[in-house]
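Q: Here's a structure for you.
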Amino acid sequence: MTAPSHKPMDLTDWSLLVALSILWGGSFFFVGMAVRELPPLTIVALRVALAALALAGLLRLLGTPMPRDRRTWAAFFGMGTLNNLVPFCLIVWGQTQIASSLASILNATTPLFGVVVAHVLTRDEKMTGNRLAGVLIGFAGVAVMIGPAAWGGLGDRLLPQLAVLGAALSYAFAGIFGRRFKGMGVSPMVTATGQVTASALMLVPVALLIDHPWTLPLPTPAAWGAVAGLALLSTALAYVIFFRVLASAGATNLMLVTFLIPVSAILLGSLFLGERLAVRHGIGMALIAGGLAAIDGRLFARLGQRRSASTAKG
Numbered sequence: 001m002t003a004p005s006h007k008p009m010d011l012t013d014w015s016l017l018v019a020l021s022i023l024w025g026g027s028f029f030f031v032g033m034a035v036r037e038l039p040p041l042t043i044v045a046l047r048v049a050l051a052a053l054a055l056a057g058l059l060r061l062l063g064t065p066m067p068r069d070r071r072t073w074a075a076f077f078g079m080g081t082l083n084n085l086v087p088f089c090l091i092v093w094g095q096t097q098i099a100s101s102l103a104s105i106l107n108a109t110t111p112l113f114g115v116v117v118a119h120v121l122t123r124d125e126k127m128t129g130n131r132l133a134g135v136l137i138g139f140a141g142v143a144v145m146i147g148p149a150a151w152g153g154l155g156d157r158l159l160p161q162l163a164v165l166g167a168a169l170s171y172a173f174a175g176i177f178g179r180r181f182k183g184m185g186v187s188p189m190v191t192a193t194g195q196v197t198a199s200a201l202m203l204v205p206v207a208l209l210i211d212h213p214w215t216l217p218l219p220t221p222a223a224w225g226a227v228a229g230l231a232l233l234s235t236a237l238a239y240v241i242f243f244r245v246l247a248s249a250g251a252t253n254l255m256l257v258t259f260l261i262p263v264s265a266i267l268l269g270s271l272f273l274g275e276r277l278a279v280r281h282g283i284g285m286a287l288i289a290g291g292l293a294a295i296d297g298r299l300f301a302r303l304g305q306r307r308s309a310s311t312a313k314g
């Protein structure tokens, strides 16, 4: 029987989740540089293809073989479809018609979908009052932090907004689907390599067919550097951490990274790009912290114990 995955995360899990949010928050910087010279699908294809090559090379150096059986590779392709192919294409298409700030808010619905999907499809990640309340508070924090201006286009272009919501739903299903790799005895490193390899095999032909990259001007070193950072840091390393946290903390806890990504992106912009923090950023981060505390549950449990002890003494 599977051990419960809704247990509170330990310090290692929280540290890895924060690291993952930094790596994925930094991807916005890399994409912002690369998109000046390369079309979106080519960037996505290069991202997963270079990440697959890097991880395969690392496994070779470590002497770790890749699985060869059909069952495992079918799971890799399923994960690649749910975690990369579907959401990447939906988000890329959606962001050609809606602002990135609105897309970020819509993408932050991933934990909301995750709580519902996990409740329906799993036995050990059922919805609780604390978890649902925490997810709603965290989502409110993301909305406040990004700002009211982002909501201006809500409802104007329904299809691209539904596309980004579809991507969030796909991520939620991916989190549940990816739980199987732990039971199959596949390590996080091998899982990360397999799913990005499968994604590359699916996405590279799409990019070749649509973007015709051989007709594009040769990218500058800055663009290649951005693609390398996106592939090696925000994809290869990020997915090793992703599957490590998924195996130890469960799908619902893992999806909380969606709340932390805007925090990381804004703090990185403040530290390295000189961007100013607004009051709403502090309020939003406080709400996100409160939502995460509610989901974790330990802080509220301790407060409840202290209250009970005080009542008993009185």
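Mapped onto the numbering used here, the consecutive letters of the sequence shown carry residue numbers 1 to 314.
Every residue gets a Cβ at the ideal spot worked out from N, C-alpha and C, and that includes glycine.
Give every residue of the same chain whose Cβ lies closer than 6 Å to the Cβ of Gln97, excluding the five residues on either side of it in the sequence, and list them in chain order.
A: Here the set comprises Arg157, Pro160.
Q: Excluding the five sequence neighbours on either side, which residues of its own chain have a C-beta within less than 7 Å of the C-beta of Arg123, listed in chain order?
A: Correct list: empty, nothing qualifies.
Q: By how many angstroms is the C-alpha of Asp10 removed from the C-alpha of Ala3?
A: Unreliable positioning characterises Ala3 in this predicted model, as indicated by a pLDDT of 40, which lies under 50. The coordinate reading is nonetheless provided below. If you take the alpha carbons of Ala3 and Asp10, they lie about 15 Å apart.
Q: Could you tell me which uninterrupted alpha helix (DSSP H) segments, each at least 4 residues in length, are contained entirely in the stretch 88-168, listed from first to last along the chain?
A: Counting whole runs of 4 or more residues, the stretch 88-168 contains the alpha helix (DSSP H) stretches 100-107, 110-121, 129-146.
Q: Could you compute how far the alpha carbon of Arg71 sits from the alpha carbon of Ala278?
A: For Arg71 and Ala278, the distance between alpha carbons rounds to 50 Å.
Q: Sorted by chain position, which residues of the same chain lie with C-beta nearer than 7 Å to Gln95's C-beta, five sequence neighbours on each side aside?
A: Excluding residues within five positions, the ones whose Cβ falls inside 7 Å are Ala103.
Q: Going by CA-CA distance only, name the one from Met255, Val142, Thr220, Thr215 that's closest to Ser170.
A: When each option's Cα is compared against that of Ser170, the closest is Met255.
Q: Report buried or exposed for Gly57, applying the criterion of at least 16 other Cβ atoms within 10 angstroms of its Cβ.
A: Burial call: exposed.
Q: Give the single residue among Val245, Thr252, Gly229 whose Cα lies nearest to the Cα of Leu50.
A: Checked all of Val245, Thr252, Gly229; the closest Cα to Leu50 is Gly229.
Q: Hey, does Gln97 have any beta-carbon neighbour from chain C nearer than 9 Å?
A: Among the protein chains of the structure shown there is no chain C, as only one such chain exists.
Q: For Thr12, count the other beta carbons within 10 Å of its own beta carbon; 16 or more makes it buried, fewer makes it exposed. Which is it?
A: Exposed, by the Cβ-count rule.
Q: Exposed or buried, which one is Thr235 when buried takes at least 16 other CB atoms within 10 Å?
A: So Thr235 counts as buried.
Q: Here's the rule I'm using: 16 or more other beta-carbon atoms within 10 Å means buried, otherwise exposed. How should Pro40 be labelled?
A: So Pro40 counts as buried.
Q: Kindly indicate which residue of Ser264, Ala34, Ala45 has the alpha-carbon position closest to the one of His212.
A: Selected option, being the one with the closest Cα: Ala45.
Q: For Pro221, count the other beta carbons within 10 Å of its own beta carbon; 16 or more makes it buried, fewer makes it exposed. Which is it?
A: Exposed, because fewer than 16 other Cβ atoms sit within 10 Å of the Cβ of Pro221.
Q: From Leu203 to Asn84, what does the alpha carbon distance come to, in whole angstroms?
A: Taking the straight line from one Cα to the other gives about 9 Å.
Q: May I ask which residues mark the beginning and end of the alpha helix (DSSP H) holding Asn83?
A: That residue, Asn83, is in no alpha helix (DSSP H); it is neither H nor E in DSSP.
Q: If you follow the alpha helix (DSSP H) that Pro221 is part of, which residue opens it and which one closes it?
A: Element bounds for Pro221: 221-231.
Q: Roughly how many whole angstroms lie between the Cα atoms of Asn107 and Leu61?
A: Asn107 and Leu61: Cα-Cα distance of roughly 36 Å.
Q: Would you mind giving the Cβ-Cβ distance between Ser21 and Leu209, rounded to the nearest angstrom? I have them listed as a contact below 8 Å.
A: With 8 Å as the limit, Ser21 and Leu209 do not qualify as a contact, their Cβ atoms being about 33 Å apart.
Q: With DSSP run on the structure shown, which of helix, strand or coil describes His212?
A: Three-state DSSP puts His212 in coil, outside helix and strand.
Q: Report whether the distance from the Cβ of Leu90 to the nearest heavy atom of the ligand NAP is below 8 Å.
A: Here there are no bound small molecules, and the ligand NAP is not part of this structure.
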